[in-house]
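*Asks:* One structure coming up, written as structure tokens, with questions to follow.
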Amino acid sequence: MHERIVGQSPWRVDGIAKVTGKAVFPQDIYLPGMVYGKTVRSKYPHAKITKLDTSKAEALPGVLKVFTARDVPGHNGHGVLHPDIPVFADGKVTSINDAICLVVAETQDIAEEAALLIDVEYEELPAVFDPREAMKETAPKLRENGNIAYHLKIRKGDVEKGFALADVIVEQSFKTSMVDQAFLQPEAGVATVDERGHIVIYVATQYPHWDRTEIARALGVSQNMVRVVTTAVGGAFGGREDMTVQIHACLAAMVLKRPVKIVYDRSESFKAHSKRHPMYMDYRVGATRDGKLVALEATIIGDAGAYLSWSPNILRKAAVHATGPYYIPNVKVDSYAVHTNNPFTGAMRGFGAAQPPMAYEAIMDMLAEKLNLHPFTIRWRNAFERGSETATGQILDMSVGLKETMLEAARRFGWNVEELK
Amino acid sequence: MEMKKLSLTVNGKLIEREVPTNIRLLDFLRDYLHLTGTKEGCGEGECGACTVLLDGKPVNSCLVMAHSAHGREVITIEGIGTPDKLHPIQEAFLEAGAVQCGYCTPGMVLAAYALLKENPNPTREEIKVAISGNLCRCTGYNKIVDAVELAARKEGK
Amino acid sequence: MQKVDYFRPETIEEALELLAAGREEYKILAGGTDLVLHLRERKVSPKALVDITHISALKGIREEEGKIIIKAATTFTEVASSTIVLEKIPALADACKVVGSPQIRNQGTIGGNIVNASPAADSVPALVLFDGVARLTSKRGTREILLTELLQGVGKTAIEPDELLEEVILTPYPGSVSGFYKLGRRNALAIARISGAVELVFAGSKIAKARVALGSVAPNPFRATELEQFLNGREFNEETKEELIALAKNLVADKLGSRASAPYKREAIAGVMREILNRIEQRRGR
Amino acid sequence: MKKRGIGMASIFYGTGYGNGFPDVSSAVVEIHDDGSATVLTGAADCGQGSNTVLAQIAAEELGIPIEKITLISADTDCTPDAGTTAATRQTYTSGNAVKLAAAKAKKILLDFAAGVLAVNTIDGLDIKDGYVYVKTFPQKRISVAELASHARFKGNRLIGEASFTTHSTMVDPETGQGAPYYPYAFATQIAEVEVDTETGKVEVIRIVAAHDVGRAINKIAVEGQIQGGVAQGVGWALTEEVELKNGQIQNPSFTEYLIPTALDVPEVTPVIVETYEETGPYGAKGVGEPAMLPTMPAILNAIYNAVGVRITELPATPEKILKALKEKEQKNA
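Below, the structure is given as structure tokens:
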């Protein structure tokens, strides 16, 4: 290559700041007159709020205001696809982590003290925690049109004819766990009103421009009045796509005309951001004696939790990637995103394409064992190449380096790839 | 609020302040001295982002009461090197690609600094033990270990 | 953080004065690796903290007439690197080396590990192994009590609010070889799922004397006297090892009964015992 | 007893938002009259390194050193929308946008240079090491700084703006047919593990991770992404799980939610496979998400290879492994 800097490894442009501790994360910002916000969250996964009394907290010296749903001037909700996550719960909670209110006080200690004085009473509602249960007619309905938020079908060829051609068939169920992005820097933001009267927030986010849209919508102001400045971001992995502190801090700063800082502790961080979808995956795959895949049937059910976030896109991605990087002529996949009263799930590194490998890569090994083939061999014989057609009928007209990755990895383990092909 | 006089050395400078009795060393460094290179990642001594050297030894400043550091010597990341004059460990972190989001980096650098002071020629395994109290979610640690090895070589020269 | 006052005595006498005055309302602060966290979480709400880390008389390790005396505010790092400990009671060094992380080991103290009375306290099985005795001091006087009696359940001890744990006194068998191993869910920053410590005195190929202690299988670490009795006088060979492991499995099963962790721990103890015996074998060869 | 096993896993990963959704990044590049330049992009650098990679792309396109580039990112008052830092899309989508914007700014400079150097078309011109020169007659050259300053005083503004859209086609909801993502990335990882049959504990001994990234814009950064992804895969496979009870998280802390420490992540050998994606900036695709995908299944396959039990519910805890071993023993007996 004739390039000079592309392909090299110069020091990170933000590197010197980061190794010397100078890089600014939102929690590192201290503004004159700054006050502190503390969120109070639900105690129940599904309940009516029958009483919300903030008077004791507001009476505590040093408390400036307690913000609740009544204080949201614009749309009381946010979300990457559909704004169904309440800024503050309005009479009802759908998940245990729903924000009830935000206490703003002169110091973090006072805000925390006051948060303990918020008096909330609930009337519990029936809840459902397993997406397979939630799909049943008898399950408590979390949405008017049922709990199934999304269903995608993939239909290619004829799976029954495909299985009839198979010499071996493997059938197996799998379940992935709910996991957390666990980035090192807990959520934090500092909002202030600048000299122009514009609302400015310094925050670690994955998408400042969408945050601006959602902040403006919730605050009922025009987008040019909102400025989102991305500080150094302490890891994200999908966990900073849905917003956390942004609207709360901006609302408080707009009303109080003071800089407002919100910093989550680790426990609140776990509660506030999305999780990876646990998926139930039932697979059936057939292959011929020479290791060629002929049919795949899969049902994938993802737990969307209480709010939509990216669930349709994630279960779509799961379906599209359900076959693995292998050519299979006959495919039938049903993929569902289902609401429950669990914490909401959303983006995390891999975004729905991360769960199916647990199933399809186990099955490749299971088929190989039955056929007395090496794991490399069965993969090699079915691997996508340039020009291959995927289960959705897409022709891979781009660079397809799958086989090279197989060869390179296998060689480093000392496998005799020429024999194994 | 109960206040007490706290006197300690931070990055070689004697500091004397009246501060509340209920704050942690981490809070003192960040909120009072604005030495914000010391990060809070978990507040329970599990992640090491708040690592500082207390009398030369790495500790989690989120688990040390500020007044416990009275009369002692504290070194934070700001005391290791500056953008104009990087410490060889800091240079090595940049050269080896040991930095991604950077939130664990100050703690990692301090853990490495303490290790190399005691053991200028550590094995990879010894490096891993020395940074085992510092969680990193971005790098998978491999390049951090590379960086500490590189720093040992640089300093050894 | 909630409000709390703070005292920093520099002598044991000053500390005892404070404890006598504060009674239940004052709490001793040593390494702080648990207490500072509990304060933040409002699990405890003392009026004041009595920080004992500035009392130099509470630090250090010494050997006296075959006994090893460890002062309460000695850190895990100091214990793990002490020549006396490494040579005479390596099981304790093994244990202190795997506490939490380097940072926690630099902060946390032996005394703190005892008084927290956690079932999973890393150093306690090794302290119990060597017949650890705690020396408690108050303005009322001084008393000595076996650790196995001092520990009275999860988070419970026989220490009075005005008492200060001054030191722990260990009595290893002369010429013994010992080892400790902890099984955690990960290789650092791990809470012991199950742990054990064994001390053996060899007479030729035979085991002359044995002590065994286990952690994380009961409310507090304890001495497994059944296993000790079995080992006394046996040949130190594969057969003995396998029989010991089988007995240990039964013991763990008995202790845990129908607890959720029982099916796992009663099997996993095998790997733990095997690792300890391997360590002893390696040390014996030296 | 400790038993070793090896497991392999391959994956593909469709990068970008996909499904016909507007997957757009925009960027602005301005060349200053001393030959330095400013790049404006909405892309947030979450630690993966987009600020560095995008600066490298601008530097390459403009033929100036990276030190002469100031990259301003992710400030809504002054940077154009570049979409989410997600979907393994910033190197590809924003990389293309920056490259196009830089090319536009550069074209204005070259158009001006064509006049100054008296050449009849800019096709024969290029920029290297801070000089505009005639490719076939390199003695004929002029410094970018001199040229830019000249151009500025003649009223030229060396500003380029561009948007790039990653193409994809919606799938049919009834049949799933369509071309939902572009481009796809590919990877294979092989893991070696050691399983203690008495404690059920799994040590990951080593992992080789080969990734088709199209082209590595920044080699060390790509390796870092791969190694970091593997570490997250190790955690997912073995220890990580958000435990729920009636919708409540039981372990919201780093004490109980166990991510791998330096002593839990093995030595990871990253292997960069370069296939030069024609539609990517300098041939680049992405690597962020694919990096973690093969790790978990490779480890599970390695566990099976070591001890003959298949874990079908994550994570593969020592408890589950011992239980499966017991069941296997009873079945065989």
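Chains A, B, C and D, in that order, give the protein sequences.
Quick note: my numbering has the first sequence finishing at residue 421, numbered continuously throughout.
Quick note: my numbering has the second sequence finishing at residue 1157, numbered continuously throughout.
Quick note: my numbering has the third sequence finishing at residue 2286, numbered continuously throughout.
Quick note: my numbering has the fourth sequence finishing at residue 3333, numbered continuously throughout.
Even glycine gets a Cβ: it sits at the ideal position worked out from N, Cα and C.
1) Residues in its own chain within less than 8 Å of L2277 of chain C by CB, not counting five upstream and five downstream?
2) Is it true that the stretch 38-48 of chain A meets the stretch 81-99 of chain A, where meeting means three or more beta-carbon pairs spaced less than 8 Å apart?
3) For A3102 of chain D, list the residues DSSP reports as bridge partners.
4) Run through chain C and tell me which residues come within less than 9 Å of Q3200 of chain D, C-beta to C-beta.
5) Among residues of its own chain, excluding the 5 on either side of L1026 of chain B, which ones have a beta-carbon nearer than 7 Å to its beta-carbon?
6) Run through DSSP, which three-state label would E2167 of chain C get?
7) Pull up the distance between the alpha-carbon of M1 of chain A and that of S3253 of chain D, whole angstroms please.
8) Taking all protein chains shown into account, do 16 or more other C-beta atoms lie within 10 angstroms of the C-beta of R349 of chain A, making it buried, or fewer, making it exposed?
9) Do K275 of chain A and M178 of chain A have their CB atoms nearer than 8 Å?
10) Going by C-alpha to C-alpha distance, which of A:D211, A:S267 and A:F129 sits closest to Q223 of chain A?
11) Which chain C residues are close to D3264 of chain D, counting only those with a beta carbon under 9 Å from its beta carbon?
12) Would you mind stating whether T205 of chain A and M279 of chain A have Cβ atoms separated by less than 8 Å?
13) So N330 of chain A is in the beta strand (DSSP E); what residue range does that whole segment cover?
14) If we cut at 8 Å on Cβ distances, does A1049 of chain B have a partner in chain A?
15) Quick one: grab the DSSP three-state call for M364 of chain A.
16) Where V3098 of chain D and Y3017 of chain D are concerned, what is the direct C-alpha to C-alpha distance, given to the nearest angstrom?
17) So which residues on chain D does R2274 of chain C lean against when the C-beta distance must stay under 7 Å?
18) Spell out a yes or no on whether the stretch 3284-3301 of chain D and the stretch 352-365 of chain A are touching, meaning 3 or more CB-CB pairs, one atom from each, closer than 8 Å.
19) Which residues mark the beginning and the end of the beta strand (DSSP E) in which R386 of chain A is found?
20) Helix, strand or coil for M1 of chain A? Go by DSSP, reduced to three states.
21) Nearest CA to the CA of T39 of chain A: which residue from A:V104, A:E58, A:N382 and A:A164?
22) Determine which residues share a DSSP beta bridge with D3033 of chain D and list them.
23) Using a Cβ cut-off of 8 Å, pull out every chain C residue sitting near K1004 of chain B, in sequence order please.
24) Can you find the residues in the same chain that come closer than 8 Å, C-beta to C-beta, to K2265 of chain C, ignoring five residues on each side of it along the sequence?
25) Helix, strand or coil: how does DSSP classify P422 of chain A here?
26) Roughly how many angstroms lie between the CA atoms of R284 of chain A and N3332 of chain D, to the nearest whole one?
27) Leaving out five residues on either side along the sequence, give the residues of the same chain with a beta carbon under 8 Å from the beta carbon of W380 of chain A.
28) Does the stretch 1133-1140 of chain B touch the stretch 3076-3085 of chain D, meaning 3 or more C-beta pairs lie closer than 8 Å?
29) Check each residue of the stretch 7-35 of chain A: if its Cβ is closer than 9 Å to any Cβ of chain B, include it; give the result in chain order.
30) I'd like the ranges of any beta strand (DSSP E) spanning at least 3 consecutive residues and lying wholly in the stretch 130-202 of chain A.
31) Three-state secondary structure (DSSP) at N2237 of chain C?
32) Measuring from the CB of I1089 of chain B, is there a heavy atom of the ligand NAP at a distance below 7 Å?
33) Kindly give me the distance between the Cβ atoms of L1053 of chain B and I1075 of chain B, rounded to whole angstroms, as I take these residues to be in contact under 8 Å.
34) Would you kindly work out how many angstroms separate the C-alpha atoms of D422 of chain A and R1137 of chain B, rounded to a whole number?
35) Within the same chain, show all residues whose beta-carbon is closer than 7 Å to that of L3325 of chain D, passing over the 5 residues directly before and after it, in chain order.
36) If you check the beta carbons only, do A337 of chain A and A149 of chain A fall under 8 Å apart?
*Replies:* With the given structure in hand:
1) G2179, V2198, K2241 and L2244
2) yes
3) Answer is none; A3102 of chain D lacks a bridge partner.
4) Note that residue 3200 of chain D is Gly in the sequence shown, not Gln. Simply Y2264, E2267, A2268 and G2271.
5) T1038, E1040, C1050, S1061 and C1062
6) strand
7) Its pLDDT being 48, under 50, M1 of chain A is placed unreliably in this model, and the value from its coordinates should be taken loosely. Pairing M1 of chain A with S3253 of chain D, the inter-Cα distance amounts to about 48 Å.
8) buried
9) yes
10) A:D211
11) R2186, N2187 and A2188
12) no
13) N330 to H339
14) yes
15) helix
16) 19 Å
17) E3198
18) When C-beta atoms of the stretch 3284-3301 of chain D are compared with those of the stretch 352-365 of chain A, three or more pairs fall below 8 Å, so the two segments count as touching.
19) That residue, R386 of chain A, is in no beta strand (DSSP E); it is neither H nor E in DSSP.
20) Below a pLDDT of 50, predicted positions are generally treated as unreliable, and M1 of chain A, at 48, falls in that range; no measurement from the model is reported.
21) A:V104
22) Looking at the DSSP output, D3033 of chain D sits in no beta bridge, so it has no partner there.
23) Y2006
24) R2193, I2194, S2216, V2217, V2252 and L2256
25) There is no way to answer for residue 422 of chain A, as the model of chain A reaches only from 1 to 421.
26) 25 Å
27) In its chain, beyond the 5 residues on either side, K403, M406, L420 and K421 have a beta carbon closer than 8 Å to the beta carbon of W380 of chain A.
28) no
29) S9, W11, R12, D14, G15, I16, A17, K18, V19, T20, G21, K22, A23, V24, F25, Q27, D28, I29 and Y30
30) Qualifying beta strand (DSSP E) stretches, in chain order: 148-156, 168-175 and 188-193.
31) coil
32) Annotation note on the ligand NAP: not contained in the displayed structure, which lists no ligands.
33) 4 Å
34) Lying before the first or after the last residue shown, residue 422 of chain A is absent from chain A, which here runs from 1 to 421.
35) T3197, V3307 and V3309
36) yes
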